[in-house]
Every structure is written in structure tokens, then in C-alpha cells.
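First comes the structure, then the notes that go with it.
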Amino acid sequence: MEWSVSDIWIVLAGSLSAASCALLGCYLVLKKMSMMGDAISHAVLPGLAVAFLVAGTRDSFTMFVGAAIAGVFTAAVTQWIHSFGKVDEGSSMGVVFTTLFAIGLILIVRAADSVDLDPGCVLYGTIELVPLDIRSIFGVNIPAAVIKLSAVLLINIAFILIFYKELKISTFDPALSTTLGINARLMHYLLMTLVAMTTVASFESVGSILVVAMLIVPAATAHLITDRLSVLLLLSGVFAVASSFLGHLAAVVAPTWFGFDGVSTSTAGMMAVVSGCFFLVAVLVSPRYGVISRMIHQLSLSLRIVREDVLGLLYRVEEPGRADPRKASTLLREVVQGGAIKRWLAVRSLRKAGKIVGQNGNYQLTPSGRGEAIDLIRSHRLWESYLAEKLSVSPDSVHEPAERMEHFLTEELREHIAADMEQEARDPHGKEIPSRHR
Amino acid sequence: MMRISTHRNVAWWGVAVAFVMVALSVGSGVFAADIQSHAAALTIENTVLSAAQFKTATTNGESFTTQLWRTIFLRDYNTRVVVLGTMLLGIGSGVIGSFLLLRKRALMGDALSHATLPGIAIAFIMMEWFFEDGKSLPGLLVGAFVFGTLGIVCVVLIRNFTRIKEDAALGIVLSVFFGLGVAIMGVIQSMGTGHAAGLESFIYGKTASMLFSDAVLIASVAGFVALLCILLYKEFTLVCFDAQFAGSLGWPVISLDIAMMALAIVITVVGLQAVGLILMLAFLVIPPAAARFWTNDLSRLVVFSAAIGAISGFVGAAMSALVPRLPAGAIIVVVASLFFLISMIFGRRRGVLARLVQHWQLSRKVAEQNLLRALFELGEPTYAHALEKREVPAGDADVPFRALLDRRVWSSQHLMSLVESAKRKGLVRATPDDRYALTRQGLDEAVQVVRNHRLWELYLITHADVAAGQVDRAADRIEHVLGASMVCELESLLSEKAPHLTMPASPHVLVRSRQLSDAHKSTGDSC
Amino acid sequence: MQHDAVSQAVEEGADVSEAQLSDSPLAVRDLTVAYGRKPVLWDVEFAVPRGKLVGILGPNGAGKSTMLKAVQQLIPVASGRVLVFGKPYRTQRNIVGYVPQREAVDWDFPVSALDVVAMGRYAKIGWFRPVTRKHKTAAFEALERVGMGDYAHRQISQLSGGQQQRVFLARALSQDAELYLMDEPFVGVDAATERAIIHILQDLRSAGKTVLVVHHDLQTVEDYFDHVILLNMRVVSVGPTKEVFTSENLQKTYGGRLTLLDQAIHAAAGSGRSA
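Protein chains in written order, with numbering that gives the first Met the number 0: chain Z, 0 to 437; chain A, 0 to 526; chain P, 0 to 274.
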């Protein structure tokens with residue numbers, strides 16, 4: 000597609016509002032109050048309607064005040080119903096925001112002649128119209144929405160920078176922060192006020208549903224990737240901006256994939272979808288918490304265990320007086336668990352690493368392989384001794400646990416056990432514990 | 000006591016079942032009678048919000064009272080369909096909503112209803128492609144159901160398999176699914192098939208243009224939901240209360256949870272048209288939350304919740320029929336919220352007012368007991384003597400107001416009002432020179448109070464290490480808390496320290512003590 | 000030839016004889032449970048004799064509650080077999096009664112004490128059937144047995160901690176089981192309630208029932224229990240109280256020696272994460 004100036008303005012407006020939301024959203028997600036974002040973005044509707052009826056204009060300032068009041072009111076009443084009415088938090092939130100939304104809807108419909116508000120616009124916005132409302136600043140024509148959203152973003156950034164540590168502690172441990180003299184409740188309501196104001200600034204351009212998406216999804220996505228608050232804030236901002244850019248692109252391009260040529264769809268909706276895709280990708284491939292990386296890690300772990308089991312078996316076969324006429328590969332099949340594919344992979348990688356040599360299923364340990372095997376067998380037999388001696392486990396049932404533990408004992412821990420043991424030379428089955436390698 | 004209560008519970012079940020059945024049968028009966036005569040009267044208004052106010056068959060010439068009458072008694076076909084439809088929806092969602100509330104899944108309803116939008120839009124496109132008619136309601140509802148279910152599944156997957164908590168999972172699902180829905184709707188609008196606009200009614204609802212067939216659908220789904228909730232009443236209850244125990248009985252907790260959510264999904268899907276997906280949550284959440292203030296009994300909670308849902312539906316739909324330009328979905332929610340507000344304040348069991356009164360009564364009682372105890376302890380020798388001789392206490396136990404005031408930390412104003420109320424009850428008498436003493440009746444009560452108090456103290460002294468968790472139940476009688484054998488033990492201890500408090504005085508003085516010893520005799524317990 | 004792995008796998012578990020397994024009310028073999036990657040129970044093996052009060056002891060985080068849950072398959076189990084009177088637990092569910100921790104449920108729930116006790120009868124009532132008067136009467140009798148008859152119609156939030164615990168106990172009684180599993184029934188109750196509960200448990204024992212109790216207070220172990228299981232991620236010792244409840248075994252269960260085991264397990268969990 001060809002990018003025109005208005006496309007750039009649309010993406011810019013989307014990015015600004017998405018980033019403002021995402022920054023605040025980090026705290027909502029960490030406070031486990033994500034749904035409060037949803038509640039407030041619905042509940043500002045009556046605030047807007049009343050502000051409109053009172054002031055008679057769509058002037059930004061009145062709207063901001065109306066929305067801020069509605070937002071704080073929602074948070075406060077939810078809290079009040081929760082604590083005084085002993086209603087659980089989710090339900091009290093549901094009661095409050097649906098009621099406020101309903102009242103807003105009634106007000107708008109009743110005063111349709113005098114109120115130029117369309118609930119549809121509030122819900123999913125008209126970001127496509129952003130480039131039409133132009134203001135001139137220093138001779139540069141800038142859409143009004145962009146100016147407004149830039150201001151909101153700056154306010155949000157300033158708020159977070161100024162109150163960084165206060166927000167951090169009151170989010171993490173409200174009780175502690177109050178004892179330290181930081182009023183957690185005040186911080187909470189300040190945050191809610193900003194959420195409400197951001198919602199209002201965004202509703203014209205992107206609509207309240209997108210506000211919800213941008214409050215929660217980028218922050219949650221970033222939370223899957225990092226554990227540090229500063230990185231979390233930064234990443235969520237990046238995701239928000241990227242969602243906005245790709246969302247607009249997708250709104251123009253995506254319909255053609257399904258055979259709707261020449262049709263473009265709602266940018267706001269697509270921004271939410273794109274942010275959802277980011278989340279999905281993070282769920283799958285996040286280096287730490289991703290499903291796929293966990294699977295890969297699980298796989299590599301089990302491969303390592305098979306490799307070590309192979310080494311251990313070869314060592315035992317090579318121990319004095321234990322010759323077995325069968326081929327090593329036959330023994331492997333009998334003893335080493337984990338399936339043929341993993342065994343094959345393990346043997347292959349061991350050969351490549353020069354830990355074992357041999358042909359046609361007859362394998363021998365190389366010196367380096369032997370060293371590794373000694374460590375392993377030492378772990379195994381030491382652990383057996385430890386269980387038998389210190390925990391009075393019967394020698395008959397020490398093998399299985401040791402079979403598992405041998406792969407996880409670090410060298411330090413192993414020698415710690417060895418030092419703790421009275422009888423170091425033999426395991427409970429009378430087999431020799433190989434002395435320390437290296 | 001047992002028998003009575005069983006009867007009462009059976010009666011409640013009777014009421015519950017009867018309520019649901021009558022509502023359902025009245026609904027379907029009325030519909031059935033009218034099916035032919037009014038088939039022609041059905042006109043669909045497709046515009047979103049103008050549809051919210053719907054026209055009754057009334058003409059402008061009629062007075063408001065006549066209109067009101069006609070509406071309340073459902074004389075007009077349209078009104079009847081709409082009002083009964085929303086009432087039944089209220090019943091169905093009130094019933095299943097109660098269980099969602101108790102399982103703390105209320106906001107699931109929000110994610111679920113938002114998640115239906117892409118389903119509706121996709122179903123529309125598919126039907127346009129294959130049948131050239133995208134507006135077949137069953138098709139749209141199937142789409143809604145599929146995506147509602149998908150939404151819930153996503154929430155559960157995110158919650159269980161990532162580090163993201165439930166609240167964020169709900170937010171993600173509701174916003175992303177809704178965004179997808181909006182995007183697909185955008186495509187539909189550009190398709191230029193003309194009648195796509197009607198789809199928006201799923202967002203805000205178009206109660207006013209509810210058709211006979213819609214109402215029948217709602218009736219059957221609400222009936223189905225209510226019936227299943229009655230059949231699975233005890234299963235749902237146990238899963239909500241103690242899922243672990245349910246698991247230990249070998250019940251499929253997960254399947255029961257799924258069944259519960261599935262019922263919520265079907266009722267949401269059929270309700271979308273009536274109240275819209277944003278306000279559908281209100282139907283699931285508000286009635287049970289309001290009903291909770293009135294009762295501590297689950298079966299009653301379900302019935303009350305269904306009733307509040309039904310009444311809100313009735314009043315809201317009727318109001319929107321009477322008053323022009325009132326969106327029905329929204330007004331139903333506002334009516335339900337009024338119920339909630341009233342319940343929260345005046346609710347008999349957990350309402351704010353009831354709890355305040357309870358609290359006030361309790362503190363008043365405690366203060367009165369403190370007064371009696373203070374008077375007794377100030378004149379203890381005289382009173383003890385009077386108890387021994389079983390006669391009216393002599394005048395030398397009178398204490399001046401000042402002495403009473405110094406006895407405890409209480410303001411003179413507070414003490415004055417306490418003394419006045421005790422005088423009115425005949426527990427305390429005043430001498431002309433502003434001195435106070437216990438009357439005979441007051442002495443009897445004071446003895447009780449002092450005895451209890453001292454038992455408590457002894458208990459705390461003897462078992463100080465374990466009693467801490469016990470002190471919070473001020474309303475419980477000490478005998479109940481301590482158990483008979485321990486009371487025996489404590490009483491013998493007490494009799495050594497303060498013999499006049501346990502000695503056999505006149506029967507009406509130490510009533511409780513006598514009852515206790517009787518009880519011990521009957522259970523063969525020896526002191 | 001090296002038959003380490005093969006032969007030992009066969010010999011394993013020989014300390015719990017087959018004969019013991021078939022008549023023991025509860026026999027557990029090779030039970031391993033992990034939360035995420037962190038193992039909580041390792042190779043737990045024991046069998047308890049019939050008609051005894053059995054205390055399960057161990058420090059915090061030793062996996063006592065986890066074991067009760069794992070035995071009843073309430074949580075996923077990595078490996079292990081649970082036999083109740085020689086048959087798999089799954090087929091014997093109806094003769095096992097369970098008392099969860101008091102904190103496990105929402106005491107604000109709109110049910111009365113009698114309703115909660117009646118829940119113990121649910122398995123007997125069967126699906127889709129309402130609670131009839133017969134079952135309510137049985138539930139009421141169970142309440143009376145724990146001395147809570149007067150409170151049958153109180154909403155459960157209006158009961159004190161000890162009373163709530165008695166209601167839970169009554170629920171287990173109304174299950175009419177052969178084997179009872181109780182998770183910390185003495186936590187947060189006063190001395191009198193504790194005495195009342197132990198009396199009820201002793202009554203159960205005289206009736207030939209077997210009761211396993213997760214317990215905290217080492218002071219009372221010798222008075223309360225005939226049999227103890229000392230647990231710290233694995234069974235340290237199991238047997239009659241007189242033989243097993245020794246300071247040496249306690250040292251092993253609670254003492255510093257196990258820090259090594261602890262360390263090892265953390266190492267396992269840690270390397271699981273970063274490898």
C-alpha cells in the first residue's frame with residue numbers, strides 16, 4: 000500500500016494513545032486490576048454525557064474533568080461495595096460499570112438532540128477521521144487528536160518518572176508502602192484518574208475497547224518477557240507502538256487476504272488484533288516463559304539425561320569384572336530410557352563430541368567421556384550412600400532416586416556430600432565409588 | 000427443629016420450581032395463543048438506537064394511565080412479547096448468575112459476551128457466502144456460541160499455562176476478540192450488502208424489536224438453564240463451595256465447571272439480542288449480587304436472584320414501552336442496579352443497615368453489661384450479702400456518679416445515657432442525691448454478667464496460649480464455647496475464689512447455673 | 000554384566016510386602032509429586048495398619064497436605080500407586096472421608112452448618128437427586144456427634160473457628176467412611192475443641208476406622224497417635240509412635256541434616272530451569 004500523510008497521522012495518533020495506555024497498563028496488570036481498566040473505560044460514558052450536557056460543548060477540558068470524576072467514582076464505588084457490601088471484587092466491578100454504562104447510554108439517547116455523542120464512536124472510535132480535524136501550530140498543520148494525545152502521553156510519562164519508586168512500592172506491597180509513608184490509596188486513585196483521562200483522550204480516536212486492549216495486552220505481553228519493571232514499561236511501549244503501526248497496515252491489507260479487494264476495515268479493531276497476535280507470539284516463544292522455549296528446554300534436558308545415561312552405562316560395562324558379551328547398543332536399548340530417537344540422537348552427539356568411539360553398536364568411552372562418566376557415577380553412588388546412611392533408606396530402594404538425582408547434583412554439592420560421608424569408598428550395594436575426577 | 004427446617008427447605012424448593020415453571024408456561028402459553036392473530040403485526044426496526052424505543056399498539060390519543068394499564072397487563076402483543084422475553088431472560092441469567100457469583104467467576108461473563116462478536120460477524124459472512132442470507136438468527140447464535148466458548152477456553156489456557164493472572168487474561172480475551180469483531184464488522188459494512196447494520200444490535204441490544212420467535216428461543220433456553228441448575232443444584236453447590244472435597248468424592252470438577260460456564264454461554268448468547276453484549280454482564284452479575292444481601296441460604300439466593308432478574312426485566316421493558324426514547328437494555332440494567340442499591344442498604348442479612356444496627360445493638364449491650372458489672376463490683380460486699388440472704392440489697396451499696404465514671408474509660412455523656420436507659424429497664428435505681436445502685440432485677444443480671452466475665456478471665460488465664468483465636472465471638476455464650484466439662488472445671492475454680500457467685504441462691508438468680516448442672520446430670524457428666 | 004538398573008528396579012519396593020498391601024487401609028508406593036519443576040514429595044512409601052490413629056508429622060513445606068491431596072488424586076502425581084484395602088484408590092473412593100484445611104473454602108458461602116454436613120452424603124445420594132430428609136437426618140446426627148446440634152441452621156460464617164472445624168469433621172463423619180484423611184484439624188481451634196475432636200477420633204478408632212491426621216504440635220503426638228509418619232519430602236520414618244517418635248528421628252525430620260537434601264532438590268529445580 001502507499002502511505003499518505005493521513006496514514007502517518009493515523010498511525011501516530013494510534014501510537015500515542017496506545018503508548019499512553021500501555022504505560023499505565025503495566026501497573027494495572029501488576030496490581031492484578033486489569034479489569035479495572037475495562038470498567039473505567041466503560042464507565043466514563045456518563046461522565047462524558049454529563050460533562051457535555053453541562054458545558055454544552057465537546058470542549059476537551061470539560062470532557063477530561065467529567066471522565067476523571069467518572070473514573071475515580073468507578074474505582075471508589077467498586078472499592079466501597081467490595082468492603083461495605085462484602086461483595087467480591089469482580090462482581091462489584093461488574094455492578095458498577097454496567098450500571099454507569101447503562102446510565103450513560105440512556106443520557107445520550109434521551110438527549111440525542113443536544114448531545115453530539117455516538118455510543119458507537121465511544122466504543123470503537125473513528126481513528127480514520129483523525130487527519131480531518133487539523134489545527135495549526137507554529138505554522139505546521141497537526142491533527143487536534145495528535146496534539147491532545149501527545150499531551151496525555153507526556154503527562155503519563157512524567158507521572159511515571161516522578162513517582163517511579165512510589166508507584167513501584169505501592170504496586171508491589173501497598174501495606175508496606177503505607178507504613179513507609181507513601182499513601183498507597185492516593186497512588187491508586189491517581190493512577191485511576193490518569194486511566195480515565197487517557198481513556199477520554201483516546202476514545203474519539205481509537206475507542207474504549209482499544210483502550211482496554213492497549214491497557215492490558217502490551218503490558219501482559221511484556222510481562223511474559225521480562226521481570227524488570229523498567230524493561231516492562233519500555234517493552235510495553237514498544238509493543239503498543241508496533242501494534243498501532245501494524246494494525247493500521249493490517250486494516251488496509253488484511254481484508255484482501257480473504258478476497259475483499261479494495262476494502263479496508265477498522266484500524267482500531269485491527270490494532271487490538273495485532274496486539275493479541277504479539278501476545279500469542281510471546282506466549283509461544285518468549286525466551287523465559289514461552290511455551291515453545293519451555294518445550295525446547297524440556298527436550299534438551301531429557302536429551303542431556305539420555306546422554307548421561309549412555310555414558311553411565313558404558314562406564315559400568317567397562318568396570319572390572321563386568322564384561323558383557325552383548326553389544327553396547329543392545330544394552331542401551333534395554334537399560335537407557337527415553338525412546339529410540341532420543342537414544343540415537345544422544346549417541347550421535349556423544350560421538351560428535353568425541354566422548355565415545357566405536358562402530359556397529361560397539362561403543363567405548365574416550366578419556367574425556369570417561370571423565371564425564373566418572374562424575375556421574377560418583378554422583379549416583381554418593382547419593383545412594385547418602386540416602387542409606389543419613390536418611391536410613393533401605394539399600395533396596397535407593398537406586399531409583401539416585402538415578403534421577405545424578406543428573407542434577409552440582410560438583411559443589413557432590414563434594415559436600417562426599418565430605419559428609421563416613422564411608423566414602425563403597426556405595427550401599429558394595430560397588431566402588433569412583434574417586435573424584437580432575 | 001430438624002423437621003421444621005426440612006419442611007421449610009422443601010417449601011422453598013417448591014416455590015423455586017413453581018416460580019420458574021409458571022413463568023415459563025405463562026410465557027409460552029401466551030405466545031402460543033397469539034401466534035396466528037398477530038403474525039402480521041411484527042415489524043422489525045433495524046436502526047440501532049431508535050429501535051431501543053419501541054412503539055406499542057397504543058395511539059397518541061390514549062391517556063398515560065390507560066397506556067400504563069395496557070402495558071402492565073401485557074395487553075399489547077408487542078409489549079407482551081418483549082416484556083415476557085426479557086423477564087424469562089432475567090430468570091435464566093439470575094439462576095446461573097448465582098452460581099457464577101459464588102464461584103467468583105462474575106467477570107467471566109464480560110469476557111465471554113465480548114468474545115461473541117467476531118463469531119456473529121464471521122457467521123454472517125459465511126452465511127452470506129453460502130446461503131446469500133446472513134441474517135438467519137440461529138446461524139448467528141451458533142457463531143456467537145462457538146466464539147464465546149473459544150473466548151472462555153482462551154482465558155483458561157492463558158491462566159493455566161502462562162504467568163498471566165486471570166484478570167489480565169480476561170482483559171486480553173475481551174479486548175482482542177472484540178477488536179477482531181469490530182474489524183470484521185468493518186469489512187461487512189464495506190461489503191455493501193445493505194442489511195449488515197442489524198448486526199450492531201448485538202452490541203447494544205434491540206429489546207424493542209424482539210420477535211415472537213426470539214422470545215420462544217429465550218424461553219426455551221432459560222427453561223433449559225433453570226432445569227439443569229435444579230437438577231445439578233447440589234453438584235454445582237459443592238463445586239462452588241469446596242471443589243477439593245468434590246474432587247475427593249470422585250466428581251468431575253472440571254466437567255461441572257465447564258457445564259456451568261456452558262450454561263452461562265448459552266444464556267448470554269440468546270440474551271445478546273435483547274440487551275446487547277456490553278450490558279449482558281449486568282444481567283448475570285447484578286441480580287445475584289443483590290439477592291445475596293437478603294439471604295444466607297443458597298436455594299433462596301437462586302430464587303431471589305431469578306425474581307430480581309425477572310422484575311428488572313419486566314419493569315425495564317415496560318418503562319421503555321411507555322416512555323419514548325428509553326433504550327430498553329439500559330433501563331433494565333438501571334432498574335436492576337436500583338434493586339442492588341436498595342438491597343445493599345436494606346438487605347436483611349448482609350445489608351449495610353442491618354449490619355450497622357447489629358453492631359450498634361451489640362456495642363450497646365456490651366456497654367450496658369459493663370455498667371452493671373461496674374455497679375456490682377463497686378458494691379460487691381453488700382450485694383454478695385444480699386444474694387446470700389436472698390433479700391433486696393440494702394442502701395449502702397449506692398455509689399456516686401463520679402465513682403462510676405472513674406471506673407472505666409467512658410465519657411460522662413455516654414455513661415449518663417447508659418444509666419438512663421438502664422433506669423428505664425428497671426435495672427438501676429437512683430437516689431435523690433445522685434447516687435446509683437442495682438435493683439433486684441439489675442442484680443440478677445449483674446450476677447450473670449460478672450459470672451460470665453470471671454469464667455472468661457479464668458479461661459483465658461488457664462488456657463491463655465490457645466484461646467486467642469476464640470475471643471472474637473463476643474455474641475456466643477460462654478457455655479457454648481467452653482464445653483460442659485471445662486465449665487465444670489472452671490466453676491469449681493471460681494467457687495474457690497468467689498463463693499457467692501456459684502452458691503445456690505434463689506432459683507431465679509442463677510438460672511443458668513442450675514440449667515447447667517441439670518444438663519450435667521442428664522448426660523452423666525460429673526463435676 | 001552390569002545389571003544395576005534392571006535388577007534394582009525389580010527389587011525396589013521390597014520393604015512394603017504384598018501381604019501388607021492387601022489389608023492395609025492405606026498403602027502408598029513410590030509416590031512422587033512435583034509443583035512445576037520443584038519436587039515436593041519424593042518416592043513416598045508407607046502402609047498404615049487398620050484401626051489406628053496415625054499422625055503425619057513434618058516441618059512446614061514438608062509436603063504433608065500435598066501428600067493427602069496426592070493420595071486422593073486431587074493434584075497431578077508424577078508417579079506412584081495408592082491402594083486402599085488392597086484395591087486402587089479410584090475404586091475405593093466411597094470409603095475414604097476427607098477433611099480439608101479450614102482455609103480451603105469460602106466461609107462466607109450461603110449455606111448452613113447442616114447443609115455443609117449434608118455434603119458428606121452427596122456421594123451416596125447420587126447425581127441429579129436432591130438431598131432428602133433421610134440424608135438431612137443423618138447429617139444432623141453427625142452434627143450432634145460433634146456437639147454442634149444447636150448450630151445446625153447457623154450460617155457458617157457465624158461460627159467460630161473451632162465450630163467450623165467441627166462442622167468439617169461432622170461432614171467427614173457423615174461420609175461414613177472406613178478411612179479418614181484429615182488436614183490439620185487442630186489448627187486455629189481452642190483447647191476444648193481440640194479435646195472434643197480427639198475424643199471423636201478415638202471413638203472412630205474404637206469402631207475400627209483408620210484415621211490419618213496431619214499434625215503440627217509435637218507436644219501432643221504421644222498422647223494422640225498410635226502410629227506416626229515422619230515426613231520431609233520423603234518418608235523419614237514410619238511405624239508405631241513408641242518406636243518411631245524418637246529424638247533421633249525427629250532430628251532427621253526437622254533437623255539440619257536435611258538441608259543437604261533441600262539443597263539438592265533446589266539444585267535439581269534450578270538446573271531444570273536454566274539448563
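Beta carbons are placed, not taken as given, at the ideal position from N, Cα and C, and that holds for glycine.
DSSP beta-bridge partners of residue i
| i | result |
| --- | --- |
| Pro38(P) | Ala33(P) |
| Ala429(A) | Tyr435(A) |
| Ala26(P) | Ala46(P), Leu82(P) |
| Arg134(Z) | Ile141(Z) |
| Ile355(Z) | Leu364(Z) |
| Tyr97(P) | Leu180(P) |
Reference residue i; option with closest CA among the options
| i | options | result |
| --- | --- | --- |
| Trp382(Z) | Gly138(Z), Ile126(Z), Val64(Z), His398(Z) | His398(Z) |
| Leu189(Z) | Asn155(Z), Val199(Z), Met213(Z), Val205(Z) | Asn155(Z) |
| Val86(Z) | Ser92(A), Thr78(A), Ser97(A) | Ser97(A) |
| Met184(A) | Arg184(Z), Ser204(Z), Leu331(Z), Gly268(Z) | Gly268(Z) |
| Gly178(A) | Thr192(Z), Phe162(Z), Ala212(Z), Thr177(Z) | Ala212(Z) |
| Asn231(P) | Pro24(P), Leu211(P), Leu40(P) | Leu40(P) |
| Met125(A) | Tyr232(A), Val186(A), Glu419(A) | Val186(A) |
| Leu111(A) | Phe144(A), Ile253(A), Ser362(A) | Phe144(A) |
Residue burial classification, residue i (beta-carbon count within 10 angstroms, cutoff 16)
| i | result |
| --- | --- |
| Trp2(Z) | exposed |
| Ser62(A) | exposed |
| Val98(P) | buried |
| Ile341(A) | exposed |
| Trp359(A) | exposed |
| Ser36(A) | With a pLDDT of 38 at Ser36(A), under the threshold of 50, the modelled position of that residue is not reliable, and no figure is offered here. |
| Leu88(A) | buried |
| Lys241(P) | exposed |
| Asn59(P) | exposed |
| Ser411(A) | exposed |
| Glu444(A) | buried |
| Ile121(A) | buried |
| Val220(A) | buried |
| Arg425(Z) | exposed |
| Ala401(Z) | buried |
Extent of the continuous beta strand (DSSP E) run through residue i
| i | result |
| --- | --- |
| Leu230(P) | 226-231 |
| Arg434(A) | 434-437 |
| Asn140(Z) | 139-142 |
| Val322(A) | Val322(A) -> no beta strand (DSSP E), and no H or E assigned at all. |
| Leu198(A) | Taken as a continuous stretch (DSSP letters only), Leu198(A) belongs to no beta strand (DSSP E), as it is neither H nor E. |
Opening and closing residue of the alpha helix (DSSP H) in which residue i lies
| i | result |
| --- | --- |
| Leu404(A) | 400-406 |
| Tyr362(Z) | First-last for Tyr362(Z): 361-364, but that is the beta strand (DSSP E), not the alpha helix (DSSP H). |
| Asp216(P) | It is not in any alpha helix (DSSP H) - Asp216(P) carries neither H nor E in the DSSP assignment. |
| Val129(Z) | It is not in any alpha helix (DSSP H) - Val129(Z) carries neither H nor E in the DSSP assignment. |
Amino acids of chain C, ordered along the chain, whose beta-carbon sits closer than 8 Å to that of residue i
| i | result |
| --- | --- |
| Arg92(P) | Of the protein chains in this structure, namely Z, A and P, none is chain C. |
Chain-ordered neighbours of residue i on chain A, where CB pairs are closer than 8 Å
| i | result |
| --- | --- |
| Thr198(Z) | In chain order: nothing, as chain A lies at least about 13 Å away. |
| Gln218(P) | Within chain A, no residue comes near Gln218(P); the closest Cβ sits about 11 Å away, beyond 8 Å. |
Amino acids of chain Z, ordered along the chain, whose beta-carbon sits closer than 8 Å to that of residue i
| i | result |
| --- | --- |
| Asp109(A) | Met34, Asp37, Gly93 |
| Ala175(A) | Looking at the sequence itself, residue 175(A) is Val, so the reference to Ala does not match. Chain Z residues near Val175(A): Ala212, Val216, Ala271, Val272, Ser274, Gly275, Phe278. |
Residues that residue i contacts on chain A, provided the C-beta gap is smaller than 7 Å
| i | result |
| --- | --- |
| Gln154(P) | Asn295 |
Contact test: residue i Cβ vs the ligand NAP heavy atom, cutoff 6 Å
| i | result |
| --- | --- |
| Ser235(Z) | As presented, the structure is devoid of all ligands, the ligand NAP included, so that no description of it is given. |
Within chain P, partners of residue i - CB distance below 7 Å
| i | result |
| --- | --- |
| Glu431(Z) | The contacting residues do not exist; Glu431(Z) stays about 13 Å from chain P at best. |
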